[in-house]
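Residue numbers (the working numbering), protein chains in the order written: chain U, 5 to 340; chain D, 5 to 340; chain Z, 5 to 340; chain R, 5 to 340. Cβ coordinates follow ideal geometry from the N, Cα and C atoms, glycine included. Structure record follows, encoded as structure tokens.
Number of protein chains: 4
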Amino acid sequence: MTLRIGVIGTGAIGQDHIRRCSHALVGSTVVAVNDINQEQAAKVVQQQGIEAEVYASGHDLINAPEVDAILVTSWGPSHEEFVLSAISAGKPVFCEKPLAVTAEGCKKIVEAEMEHGKRLVQVGFMRPYDQGYRALKAVIDSDKIGEPLMIHAAHRNPTVGESYTTEMAIVDTLIHEINVLSWLLDDQYVSAQVIYPRKTSQAFAHLKDPQIVLLETAKGTRIDVEVFVNCQYGYDIQCEVVGERGIAKLPEPASVQLRSGAKLSTEILMDWKQRFIDAYDVELQAFIDGIKAGKITGPSSWDGYTAAVTADACVAAQRSGAIEPIRLPQRPAFYE
Amino acid sequence: MTLRIGVIGTGAIGQDHIRRCSHALVGSTVVAVNDINQEQAAKVVQQQGIEAEVYASGHDLINAPEVDAILVTSWGPSHEEFVLSAISAGKPVFCEKPLAVTAEGCKKIVEAEMEHGKRLVQVGFMRPYDQGYRALKAVIDSDKIGEPLMIHAAHRNPTVGESYTTEMAIVDTLIHEINVLSWLLDDQYVSAQVIYPRKTSQAFAHLKDPQIVLLETAKGTRIDVEVFVNCQYGYDIQCEVVGERGIAKLPEPASVQLRSGAKLSTEILMDWKQRFIDAYDVELQAFIDGIKAGKITGPSSWDGYTAAVTADACVAAQRSGAIEPIRLPQRPAFYE
Amino acid sequence: MTLRIGVIGTGAIGQDHIRRCSHALVGSTVVAVNDINQEQAAKVVQQQGIEAEVYASGHDLINAPEVDAILVTSWGPSHEEFVLSAISAGKPVFCEKPLAVTAEGCKKIVEAEMEHGKRLVQVGFMRPYDQGYRALKAVIDSDKIGEPLMIHAAHRNPTVGESYTTEMAIVDTLIHEINVLSWLLDDQYVSAQVIYPRKTSQAFAHLKDPQIVLLETAKGTRIDVEVFVNCQYGYDIQCEVVGERGIAKLPEPASVQLRSGAKLSTEILMDWKQRFIDAYDVELQAFIDGIKAGKITGPSSWDGYTAAVTADACVAAQRSGAIEPIRLPQRPAFYE
Amino acid sequence: MTLRIGVIGTGAIGQDHIRRCSHALVGSTVVAVNDINQEQAAKVVQQQGIEAEVYASGHDLINAPEVDAILVTSWGPSHEEFVLSAISAGKPVFCEKPLAVTAEGCKKIVEAEMEHGKRLVQVGFMRPYDQGYRALKAVIDSDKIGEPLMIHAAHRNPTVGESYTTEMAIVDTLIHEINVLSWLLDDQYVSAQVIYPRKTSQAFAHLKDPQIVLLETAKGTRIDVEVFVNCQYGYDIQCEVVGERGIAKLPEPASVQLRSGAKLSTEILMDWKQRFIDAYDVELQAFIDGIKAGKITGPSSWDGYTAAVTADACVAAQRSGAIEPIRLPQRPAFYE
């Protein structure tokens, strides 16, 4: 059985997922596309050499009988309506982050999905599909380091453009740590604080960079994440889990070790797209396989919702300088 | 277009490739299988849940009209005849190592293929498809370390069974280095010498272990490979290329770094099957994609032939203790 | 010229320094000792095979004409009076930490020394004499990483005894980071906050362990120090300086790399005494050489004073949970 | 008791040792110096600010009653006569390598010393005093890796001058491995072979560089040493001991780890003088302490002799291309 996929949004990431589902993954084919720019959608179909119908409306695509599942890769603010529409149609939907641009919007999706009675939504958080994070979680779950007490993490980019704002450090950058660290710890957040170190001279005037975000979880684990988006030297993701009896650290990406010019060195990636490139394949394959197996297991709309609430608290903490509470209900059994 | 594959030999590696071509790779399906034990072949078809015809004869399978390409994963001594049969049929064939059990047999295949006029054969050397070796080759080709002058390599297994003989250190173990190092250097071998260090007490009495094999290439590059198949501590593949201006080293497999029990450690694999597991997928995908693109690019029957000649010289060197010449013709333009 | 040293306090560290000044360092000899337990002092003289007079009074030792310089290694609460006495006598004095048990006491020493008109006091902070920290400072000062913006540090012990209190995490443990990080950054602290992560089950009931201390400097650099004194796995000192263009990390102590039992590992020390053992020699040699050169350059009474004020603020932050200001005057020119 | 030392030869290394024995080590003073250039000797005395008599004759210096021990740091060909003279005088003598320029010369020294009846000679091989090699030996001796079966080693310099000859790769460079590896293994050599890889374009025309030296020990352990003196990238000493159950590797010198410019790097030394700088202090302190304790324990004239015989065989192997036997008598009990 080949899963017939409809894709809403044919920008950069949409095109990349169309390529994956058409040429790289097993068991899927793209049969329908839609974009706010219909010509662009048609062009993508042609460029990728696929046989897919171009729909003028995302909702029509969702409801088309030949479409088994939907990928939402459109403009962020449109995610909520398309995901809700897919749930109405009772079709599985993979939605790139954010699930919705407000926590309230995410909550609506959670409620609609629960009412439907079965998971339909997978959110495009790819880090839980990264081999490194999976190996790290395996070490934690094996009890080799005992109960986790702290996480020291960093999310660093070489540079960002002028349009990148202080708030985006949370909603675009930290959002991945918000997702992956709660998954890693199997825990949720209860408070957030943001600290502004001395500002780098390499950032635009309007941007506070770097920032340190302090998160506390329900079990009391403390997390510090350095977000530094003009660090110059590389795209570098660090994660160190301090447990009661030992410390486990996310692997550095494998790299040739060089002895050259008085240095013993390995490479650090400069391009974020390379860092989790394999994880994108794995997450979408999991979505496809999950649908076929009748059980979607990846990041859920609940995860999307709690990430949104947590991000809101972090943004509040950016503004207040205070420790902001994160008020989340218990994870419903539906999402366990 | 889905490539319809016939598989000859349904033992462990055959089953693994059937699984790949049916469930893990893109663009192929297994439509026919054969095994010397026909019941076993039928059982595999059933277990893997595929729709494939069981052929009583490998040659019939090769000539079946619904079979586009052949995988030879049968008993080593049978490889030669099946590959020759596939060439006669003008069908692409992927043959697990060895291509043939004698250099002479390999040569016959080379001649048959050249007479056919187009490459049909890919030999199952998977290391050139490993990400680490590819990264290493990219560094060499980028001239970051200058011209390669030496390679220090090691091939270590935790233990081997009693049936493993001194000669197998060459034909089963070193054979992978013979292949991958000549690919890495784009060079071929001209002499071999074997040195026997003090024998480990962990090996069976009949086995000389470890061994050091010294190879010389046409360009004068010198290679030392430690083959140590009872090293106890892990399955460990090392490769360090010393160039005129620097040294490049094969990456260690990525692993969580642990601080625990007075040690800062990463894991070393114990199971060889894990080490190049991704490379098997890549090599077979390349075979499938190559056929579709009309151009097979992987390890060729020429590579299989030269590996056989080199292995023969190494075995001679094991016995003589002397430096044995390796006499190889120039690589024909056909195989460049 | 051999510097004639008098030692007040012949406990463990006093004995160690007597050994150093008698047998390991160049240009010094121990001629006088004092201890609250006079018998113990006499025994140490005998055991170490030195010719030194045993004084009943520390003050008499200080004023003895044959004593050129004093080491104060007695009980902490007695440091202040002996250091002041040495300043009165116009003699150089090396005082183990703490310089005094209160910030006020340290301030009196600073004032006495400034009144004397020349530096006489070196405080026993040894980390600035550690090769690793010196190499780290050299990298920072070379501008290889640009201006420092953040420091991530950790101070971990395998275990502590029942007498170790929550406050000692600051005054006994963090005190070394307080000293060395301000030296590293050439900066002083302006605020402190303490965070309590989930408590380890490996600590005594009365002890909050681990703790995270957040420090802010005058230039805006932000420091987080994990203090974890029951981490089980080793005595581990980490320090990573994040600059505008790169990151520099304190070297791990050199260790044989082992491939063994499916692990690639180096050793982590378990015993804190081994970690900075060379630095003790270097700091005392610097004291001796400084006196001979007429210029004491090591950690000053000003450094002792500011460390005390900073530690007080950290202890206040432990209790309040709030961000506590650290109010320090400008470093006087006298101490630059 | 202060050991009164006479130094023969006031060139670069002589000056360095004079500085050590006068200012850096404990328990020694330089009271006499001699050089073939008497003015130079006088100048050194003045520059170093020491009170030492300048002798016109090395032999007179040796026999001077105020001289307790001798350092021979003169021109290599003069070592033999001065060491023999010191033995005649019954005085301890530290001789820089080579002990004598011929194996025969070394043997004469061995015989003279044995006739004297007590060890007087320490040869200036400093690597056994290096912390890294000592840690490596401790691991071997602890049986953590089982019996050593192989050593893979490398001795690399960034560049050498035009005067450096192919033979010097043995007698000046490999000589350190010859010494330290037999000490490490507690074993002696029985054969040598030299292999010439493709020559680097960075070496002078007359020099064969790199070279690989293969040594075999009495216990059957096999050693390969890459000698590469124009490797460009650094002064790099590698040593990996492969045992029956694991592998131990000489520590890299501790270095700040840097994340900068898309690289994760540590420094490799360029200047050989920095690599073993601490070991020079330790070896001379051991000589001084050994004399005082009545027992010289460092590298002996026997070690100097066997190194010379081994080096001779390696040079023969350079010329013959064959495996050359190394014929050494059993180590006399006198030297155990």
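- Two segments are said to touch when three or more pairs of C-beta atoms, one from each, lie closer than 8 Å; by this definition the stretch 252-270 of chain U does not touch the stretch 59-72 of chain U.
- When only Cα atoms are considered, Z:Ala312 and Z:Gln334 end up about 15 Å apart.
- In the same chain as Z:Ile91, and ignoring 5 residues on each side of it, the C-beta atoms closer than 6 Å to its own belong to Ala116, Glu117, His120, Leu124, in chain order.
- Collapsing the DSSP output to three states places U:Lys148 in coil.
- Inter-segment contact for the stretch 230-241 of chain R and the stretch 153-171 of chain R is present: three or more beta-carbon pairs are separated by less than 8 Å.
- If only uninterrupted alpha helix (DSSP H) runs of at least 4 residues are considered, those enclosed by the stretch 99-171 of chain D are 107-120, 135-145.
- For D:Phe129, the closest alpha carbon among the candidates D:Gln19, D:Gln322, D:Ser146, D:Phe98 is that of D:Phe98.
- When DSSP assignments are scanned along the stretch 225-283 of chain R, the uninterrupted stretches of alpha helix (DSSP H) that are 4 or more residues long and fall wholly within it turn out to be 276-279.
- When Cβ-Cβ separations below 8 Å define contact, Z:Tyr237 makes contact with chain D.
- A Cβ-Cβ contact shorter than 8 Å links Z:Leu254 with Z:Tyr137.
- When Cβ-Cβ separations below 8 Å define contact, Z:Ser264 makes contact with chain D.
- Taking a contact to require three or more Cβ pairs closer than 8 Å, the stretch 208-216 of chain Z and the stretch 165-176 of chain Z qualify as touching.
- Interface annotation, Z:Ser259: in contact with chain R, CB-CB separation under 8 Å.
- Among the residues of the stretch 238-252 of chain Z, those with a Cβ less than 8 Å away from any Cβ of chain R are Arg249, Gly250, Ile251, Ala252, in the order of the chain.
- Between D:Arg131 and D:Asn183, the C-beta gap is smaller than 8 Å, which places the two residues in contact.
- Residues of the stretch 132-153 of chain Z with a C-beta less than 9 Å from any C-beta of chain U: Ile149, Gly150, Glu151, Pro152, Leu153, listed in chain order.
- Of all residues in the stretch 24-42 of chain Z, the ones placed with a Cβ closer than 9 Å to any Cβ belonging to chain R are His27, Ala28, Leu29, Val30, Gly31, in chain order.
- With a cutoff of 8 Å on beta-carbon distance, U:Arg202 and Z:Lys122 are scored as not near each other.
- For the 8 Å CB-CB criterion, D:Val34 and D:Ser26 form a contact.
- Cβ-Cβ distances below 6 Å link Z:Asp316 to Ala107 in the same chain, with the five nearest sequence neighbours on each side left out; the list follows chain order.
- In the structure shown, the three-state DSSP call for U:Ser195 is strand.
- A residue is called buried when at least 16 other Cβ atoms come within 10 angstroms of its Cβ; U:Phe232 meets this threshold and is buried.
- Closer than 8 Å to the CB of D:Thr314 there is not a single CB belonging to chain R.
- For U:Gly10, the enclosing beta strand (DSSP E) covers residues 7-12.
- Contact between the stretch 39-54 of chain R and the stretch 288-306 of chain R is absent: fewer than 3 CB-CB pairs across the two stretches fall below 8 Å.
- Between R:Leu273 and the set U:Asp282, U:Gln278, U:Arg263, U:Arg279, the nearest pair of CA atoms involves U:Arg263.
- Of all residues in the stretch 263-294 of chain Z, those with a C-beta nearer than 9 Å to a C-beta of chain D are Arg263, Ser264, Gly265, Ala266, Lys267, Leu268, Ser269, Thr270, Glu271, Ile272, Leu273, Met274, reading in chain order.
- For D:Pro255, the nearest CB of chain U lies under 8 Å from its own CB, placing it at the interface with that chain.
- Here DSSP, grouped into helix, strand and coil, assigns D:Asn67 to helix.
- In the structure shown, Z:Val30 adopts coil according to DSSP, grouped into three states.
- Between the alpha carbons of Z:Ile113 and Z:Val76 lies a distance of about 14 Å.
- For R:Gln192, no chain D residue has a Cβ inside 9 Å of its Cβ, as the nearest lies near 14 Å away.
- Counted as a single uninterrupted DSSP element, the beta strand (DSSP E) harbouring U:Leu219 occupies residues 215-221.
- Per DSSP, R:Leu75 is one residue of the beta strand (DSSP E) stretching across 73-76.
- Between R:Ala252 and R:Ile144, the beta carbon gap of about 6 Å places them in contact (Cβ cut-off 8 Å).
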